[in-house]
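Chains B and U are the protein sequences, given in the same order.
Every position in the first sequence, counted from 1, becomes a number in the working numbering once 5 is added.
Every position in the second sequence, counted from 1, becomes a number in the working numbering once 37 is added.
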Amino acid sequence: MARRFEYAQAEEIRDAFARHGVRYLFIGKSGAILLGYPDTTQDADLFLEKSPANGAAAARALRDLGFALTDDQAGEIERGKDFVQLKNGPFDLDLVFAPDGIEGFEQAWRRRVDVEGFPVCHPDDIIRSKEAADRVKDREVLPRLRAFRDYWLARNR
Amino acid sequence: MTTPGDETPVDEWRAEFEAAARRPLRTRFRYAFVHTYKPVLDDAPYRSFDTTAAYREWCARHLPAWLGYGPAV
Chain B
6 MARRFEYAQA EEIRDAFARH GVRYLFIGKS GAILLGYPDT TQDADLFLEK
56 SPANGAAAAR ALRDLGFALT DDQAGEIERG KDFVQLKNGP FDLDLVFAPD
106 GIEGFEQAWR RRVDVEGFPV CHPDDIIRSK EAADRVKDRE VLPRLRAFRD
156 YWLARNR
Chain U
38 MTTPGDETPV DEWRAEFEAA ARRPLRTRFR YAFVHTYKPV LDDAPYRSFD
88 TTAAYREWCA RHLPAWLGYG PAV
């Protein structure tokens with residue numbers, strides 16, 4: 006079982022993805038936590054631009070980070086399967102190429118928030134994706150997440 | 038004026054947001070990321086799905102309901 010995700014590992018993602026030129030955004034509750042949302046989660050979710058070049062760069066960066074990707078798995082990431090769940094590395098990571106509720110990477114990228122060098126989805130996008138996914142765990146978190154969005158917008162106005 | 042006991046959840050949440058905003062990011066990380074075993078979900082080192090809908094369907098079919106990955110309806 007992978008260890009708990011730590012700040013140093015987030016820095017490693019940021020640095021490895023920057024070295025390889027990967028276009029990505031933190032999304033989901035891990036993204037909200039980067040923005041300041043106080044809650045707990047188990048892993049990090051990354052929204053990646055879906056293109057062969059970006060997928061290939063991501064696979065190279067993930068191998069640098071210590072993920073044991075087979076050539077077939079790297080090929081799937083390069084081709085951009087919509088959802089890839091990685092538990093074969095130093096921490097758990099979900100790669101999302103087509104999150105629910107978000108029209109495309111470019112639109113989300115234009116709205117991104119930079120938090121100490123980490124590219125993060127805007128809270129509105131994090132909320133939209135959870136509204137669209139509409140799982141039990143999303144419904145539980147949404148009222149507090151919306152309150153955080155309002156707080157965050159007022160603070161960053 | 039509010040007296041103790043009058044706070045709504047939003048008031049309590051706002052106080053939590055304020056407290057979190059005072060903590061450095063590194064500290065927030067330490068409090069935020071936990072790891073517990075999730076049956077089925079954690080039992081394979083790698084999974085991929087052609088579509089997000091296929092992933093949602095797999096979660097609904099295969100994961101214990103209490104994990105919360107199933108549809109809310």
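Even for Gly, the Cβ is constructed at its ideal location relative to N, Cα and C.
DSSP puts ILE32 (chain B) in a beta bridge; with which residues? Against the first sequence, residue 32 (chain B) aligns to sequence position 27. Paired residues: B:ASP50.
Quick test of the definition: if touching needs 3 or more C-beta pairs under 8 Å, does the region 122-133 of chain B touch the region 63-83 of chain B? no
Work out the CA separation of GLY85 (chain B) and PRO95 (chain B) for me, nearest whole Å. Residue mapping note: residue 95 (chain B) aligns to position 90 of the first sequence, counting from 1. Residue mapping note: residue 85 (chain B) aligns to position 80 of the first sequence, counting from 1. Looking at the two C-alpha atoms, the distance is approximately 22 Å.
Note the first and the last residue of the continuous beta strand (DSSP E) segment covering VAL118 (chain B). The sequence position of residue 118 (chain B) within the first sequence is 113, counting from 1. Segment 118-120, the beta strand (DSSP E) holding VAL118 (chain B).
Check distances from the C-beta atoms of the region 110-129 of chain B to those of chain U and list, in chain order, the residues that come in under 8 Å. VAL120 and GLU121
DSSP three-state assignment for LEU91 (chain B), whether helix, strand or coil: Here the question's residue 91 (chain B) lines up with position 86 in the first sequence. It is a strand residue.
Which chain U residues are close to LEU91 (chain B), counting only those with a beta carbon under 9 Å from its beta carbon? By 1-based counting over the first sequence, the position of residue 91 (chain B) is 86. By Cβ distance, chain U contributes PRO82, TYR83 and ARG84.
Let me make sure I understand the geometry here. Which of B:VAL125, B:LEU147, B:ASN93 and B:LYS142 has the alpha-carbon closest to that of ASP80 (chain U)? To locate residue 80 (chain U), count along the second sequence from 1; it is residue 43. The shortest Cα separation from ASP80 (chain U) among B:VAL125, B:LEU147, B:ASN93 and B:LYS142 belongs to B:ASN93.
Rounded to a whole number of angstroms, what is the C-alpha to C-alpha distance between LEU51 (chain B) and TYR29 (chain B)? Sequence index remark: in the first sequence, residue 51 (chain B) carries index 46 (1-based). Sequence index remark: in the first sequence, residue 29 (chain B) carries index 24 (1-based). Between the C-alpha atoms of LEU51 (chain B) and TYR29 (chain B) there is a straight-line separation of about 6 Å.
Could you tell me whether any Cβ in chain B is nearer than 8 Å to the Cβ of GLU53 (chain U)? Looking up residue 53 (chain U) in the second sequence gives position 16. Yes - at least one Cβ of chain B is within 8 Å of the one on GLU53 (chain U).
Determine contact between the region 62-74 of chain B and the region 119-126 of chain B, defined as no fewer than three beta-carbon pairs at a distance below 8 Å. Cβ pair count under 8 Å is below three, so no.
Distance between VAL71 (chain U) and GLU11 (chain B) (C-alpha atoms, nearest Å): By 1-based counting over the first sequence, the position of residue 11 (chain B) is 6. By 1-based counting over the second sequence, the position of residue 71 (chain U) is 34. Using only the alpha carbons, I get a separation of about 9 Å.
Do GLY106 (chain B) and ALA137 (chain B) have their beta-carbon atoms positioned less than 8 Å apart in this structure? On the first sequence, position 132 is the one that residue 137 (chain B) refers to. On the first sequence, position 101 is the one that residue 106 (chain B) refers to. Yes. Within cutoff.
Could you tell me the distance, in whole angstroms, from the CA atom of GLY33 (chain B) to the CA atom of ALA69 (chain U)? The count along the first sequence starts at 1 and reaches residue 33 (chain B) at position 28. The count along the second sequence starts at 1 and reaches residue 69 (chain U) at position 32. Taking the straight line from one Cα to the other gives about 13 Å.
Who are the neighbours of LEU100 (chain U) on chain B, taking C-beta pairs under 9 Å? Residue 100 (chain U) sits at position 63 when you count from the first residue of the second sequence. Neighbours of LEU100 (chain U) on chain B: none; closest Cβ ~10 Å, over 9 Å.
Cβ-based neighbour list, ALA61 (chain B), same chain, cut-off 6 Å, excluding 5 preceding and 5 following: Within the first sequence, residue 61 (chain B) is the residue found at index 56, counting from 1. Here the set comprises GLU83.
Using the Cα positions of ARG151 (chain B) and TRP157 (chain B), report the straight-line distance between them to the nearest angstrom. Locating residue 151 (chain B) in the first sequence gives position 146, where the first residue counts as 1. Locating residue 157 (chain B) in the first sequence gives position 152, where the first residue counts as 1. Approximately 10 Å, taken between the alpha carbons.
Cα-Cα separation, ASN161 (chain B) to GLU55 (chain U): Residue mapping note: residue 161 (chain B) aligns to position 156 of the first sequence, counting from 1. Residue mapping note: residue 55 (chain U) aligns to position 18 of the second sequence, counting from 1. C-alpha separation (whole angstroms): 13 Å.
Counting only Cβ pairs nearer than 7 Å, list the residues of chain B close to PRO76 (chain U). Here residue 76 (chain U) refers to the residue found at position 39 when the second sequence is read from its first residue. Ordered by position in chain B, no residue passes the 7 Å Cβ test against PRO76 (chain U), which lies about 12 Å from the chain.
Look up LEU98 (chain B) in the DSSP assignment and give the residues it is bridged to. Within the first sequence, residue 98 (chain B) is the residue found at index 93, counting from 1. The partner list for LEU98 (chain B) (beta bridge, DSSP) reads B:ALA49 and B:LEU91.
Which of the three DSSP states, helix, strand or coil, is assigned to ARG144 (chain B)? Taking the first residue of the first sequence as position 1, residue 144 (chain B) is located at position 139. Helix.
Determine, using beta carbons only, whether PHE10 (chain B) comes closer than 8 Å to chain U. Start at 1 with the first residue of the first sequence, and residue 10 (chain B) comes out as number 5. Answer yes: the Cβ-Cβ gap between PHE10 (chain B) and chain U drops below 8 Å somewhere.
Going by DSSP, what residue range makes up the alpha helix (DSSP H) through SER134 (chain B)? Within the first sequence, numbered from 1, the residue matching residue 134 (chain B) stands at position 129. That run of the alpha helix (DSSP H) goes 128-138.
Here's the rule: buried if 16 or more other CB atoms are within 10 angstroms of the residue's CB, otherwise exposed. What is TRP50 (chain U)? Here the question's residue 50 (chain U) lines up with position 13 in the second sequence. TRP50 (chain U) is buried by the Cβ-count criterion.
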